[in-house]
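Below is one structure; the comments refer to it alone.
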Ligand SMILES: NC(=O)c1ccc[n+]([C@@H]2O[C@H](COP(=O)([O-])OP(=O)(O)OC[C@H]3O[C@@H](n4cnc5c(N)ncnc54)[C@H](OP(=O)(O)O)[C@@H]3O)[C@@H](O)[C@H]2O)c1
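In the numbering used here, the protein residues as written are 1187 to 1545.
Put into structure tokens, the structure is as follows:
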């Protein structure tokens, strides 16, 4: 029997790519959902899969869209703080749920729905984008062998040619405006986001690149898991865009501009105009430092996606749906860290140009 998968935001950047991948899965019947019927029907006709008009802020339309659905992939960002309406409704209707949120408090907050998820015998998983999942599986791969881990450094960069939707730009600007916890000189500090620019060595094809500290869910989640301090750095591939984002942050801190998110549409248009420059790659480096046998000990993990970074960024959500379809997954509500293993991800990456280096 086929299982119906509803991809909310299915004509958006990530939603459409997830639909394109999952519609190839034997036994999956994909439906894309969104509030703009004209855009939805166009993508529906191109892909040859049904479209349902649904605004996730409207209970009745959301309820109707969930009829007969086995799992929901929610890409309707930016995710509004404390707004778990889709996940809650899924728990009540016995529907598995995964989202692409990247905001720390949102991802951690999903755990508040654990009781309802267990009652509904479903998994509710938040934060199945690339950053948290990839950092988690890489850290887990190199953690064995340490007696203690004292600090973790994460550096991530998505190439400029990877498509980014408006919601991604809004989420990026919101993340830049948040303060970031960093671990420096053996102590936690809190600093403004998108500051402390530093040239960091990323795996090729990126090489050395200027990155900034930023808030990310892995700071809290991996910090607790390993009892270590965590610093996360990210940035944009094109130096000009990287600087513009850093300047916007400075102007915001000086009180010259109130809310950088207001510039999302303009920056999104500029970024789209510059899409032909740069790479469609994605790079991530995780460094663990600590002790083994009383001596300082360090391990490195790097992941590079050479082409079509977008498919790889969407791969955790796809992997989860496949896991549920195969009867796996625990009931409960979880941030997407420790939910997928390196083996789950390498199965997904087998058809993508992903290179993993552990040392
Ligand atoms: N963590 C990661 O690694 C990672 C990576 C990539 C993306 N993301 C996140 O994934 C999310 C999607 O990114 P994207 O690049 O795909 O953005 P996008 O292209 O703007 O797609 C978002 C989609 O959601 C739809 N939507 C928004 N509000 C809705 C509502 N109330 N009801 C129904 N549909 C609604 C939008 O439709 P309309 O056009 O009608 O508004 C659009 O189709 C963002 O939050 C982004 O931050 C995370």
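C-beta atoms are modelled at their ideal positions from N, C-alpha and C, and glycine is treated no differently.
Member of the options whose CA lies at the smallest distance from the CA of residue i
{"i": "residue 1306", "options": "1330, 1323 and 1277", "result": "1277"}
{"i": "residue 1187", "options": "1194, 1215, 1198 and 1199", "result": "1215"}
{"i": "residue 1190", "options": "1536, 1342, 1233 and 1253", "result": "1253"}
{"i": "residue 1471", "options": "1455, 1453, 1420 and 1447", "result": "1420"}
{"i": "residue 1452", "options": "1223, 1351 and 1462", "result": "1351"}
{"i": "residue 1310", "options": "1355, 1275 and 1455", "result": "1275"}
{"i": "residue 1211", "options": "1513, 1525, 1508 and 1439", "result": "1508"}
{"i": "residue 1393", "options": "1441, 1465 and 1426", "result": "1465"}
{"i": "residue 1527", "options": "1213, 1319 and 1296", "result": "1319"}
{"i": "residue 1514", "options": "1308, 1239 and 1289", "result": "1308"}
{"i": "residue 1397", "options": "1412, 1343, 1371 and 1356", "result": "1343"}
{"i": "residue 1332", "options": "1380, 1296, 1384 and 1413", "result": "1413"}
{"i": "residue 1334", "options": "1536, 1475 and 1535", "result": "1475"}
{"i": "residue 1289", "options": "1199, 1228, 1404 and 1298", "result": "1404"}
Alpha-carbon to alpha-carbon, residue j and residue i
{"i": "residue 1517", "j": "residue 1261", "result": "21 Å"}
{"i": "residue 1301", "j": "residue 1519", "result": "8 Å"}
{"i": "residue 1373", "j": "residue 1484", "result": "18 Å"}
{"i": "residue 1433", "j": "residue 1400", "result": "15 Å"}
{"i": "residue 1194", "j": "residue 1218", "result": "6 Å"}
{"i": "residue 1481", "j": "residue 1337", "result": "15 Å"}
{"i": "residue 1248", "j": "residue 1255", "result": "11 Å"}
{"i": "residue 1259", "j": "residue 1284", "result": "5 Å"}
{"i": "residue 1192", "j": "residue 1232", "result": "17 Å"}
{"i": "residue 1363", "j": "residue 1431", "result": "10 Å"}
{"i": "residue 1460", "j": "residue 1448", "result": "20 Å"}
{"i": "residue 1348", "j": "residue 1479", "result": "43 Å"}
{"i": "residue 1505", "j": "residue 1530", "result": "7 Å"}
{"i": "residue 1294", "j": "residue 1368", "result": "18 Å"}
{"i": "residue 1418", "j": "residue 1523", "result": "16 Å"}
{"i": "residue 1499", "j": "residue 1473", "result": "21 Å"}
{"i": "residue 1437", "j": "residue 1205", "result": "39 Å"}
{"i": "residue 1495", "j": "residue 1346", "result": "10 Å"}
{"i": "residue 1366", "j": "residue 1376", "result": "6 Å"}
{"i": "residue 1340", "j": "residue 1321", "result": "7 Å"}
{"i": "residue 1328", "j": "residue 1487", "result": "7 Å"}
{"i": "residue 1269", "j": "residue 1286", "result": "14 Å"}
{"i": "residue 1280", "j": "residue 1402", "result": "30 Å"}
{"i": "residue 1291", "j": "residue 1379", "result": "15 Å"}
{"i": "residue 1236", "j": "residue 1497", "result": "21 Å"}
{"i": "residue 1271", "j": "residue 1299", "result": "11 Å"}
Three-way DSSP call (helix, strand, coil) for residue i in this model
{"i": "residue 1246", "result": "helix"}
{"i": "residue 1538", "result": "coil"}
{"i": "residue 1530", "result": "helix"}
{"i": "residue 1264", "result": "coil"}
{"i": "residue 1348", "result": "coil"}
{"i": "residue 1492", "result": "coil"}
{"i": "residue 1444", "result": "coil"}
{"i": "residue 1239", "result": "strand"}
{"i": "residue 1390", "result": "coil"}
{"i": "residue 1277", "result": "helix"}
{"i": "residue 1259", "result": "strand"}
{"i": "residue 1270", "result": "coil"}
{"i": "residue 1525", "result": "coil"}
{"i": "residue 1252", "result": "coil"}
Endpoints, alpha helix (DSSP H) assigned at residue i
{"i": "residue 1201", "result": "1199-1208"}
{"i": "residue 1415", "result": "That residue, residue 1415, is in no alpha helix (DSSP H); its beta strand (DSSP E) goes 1415-1422."}
{"i": "residue 1502", "result": "1501-1511"}
{"i": "residue 1300", "result": "1300-1305"}
{"i": "residue 1320", "result": "1316-1328"}
{"i": "residue 1295", "result": "1290-1295"}
{"i": "residue 1427", "result": "1425-1439"}
{"i": "residue 1404", "result": "1403-1412"}
Terminal residues of the beta strand (DSSP E) in which residue i lies
{"i": "residue 1380", "result": "No beta strand (DSSP E) contains residue 1380, which DSSP labels as neither H nor E."}
{"i": "residue 1336", "result": "1334-1344"}
{"i": "residue 1309", "result": "1309-1312"}
{"i": "residue 1394", "result": "1394-1399"}
{"i": "residue 1235", "result": "Segment: none, residue 1235 is in no beta strand (DSSP E) and carries neither H nor E."}
{"i": "residue 1478", "result": "1468-1478"}
{"i": "residue 1460", "result": "Run containing residue 1460: none; DSSP gives neither H nor E here."}
{"i": "residue 1521", "result": "1518-1521"}
{"i": "residue 1219", "result": "1214-1220"}
{"i": "residue 1283", "result": "1282-1285"}
Cutoff 7 Å: residue i Cβ touching any chain C Cβ
{"i": "residue 1417", "result": "The chain labelled as chain C is not found in the depicted structure, where only one protein chain is given."}
Legend entry - 3 or more residues per run - each beta strand (DSSP E) lying fully within the stretch 1353-1377: 1365-1370
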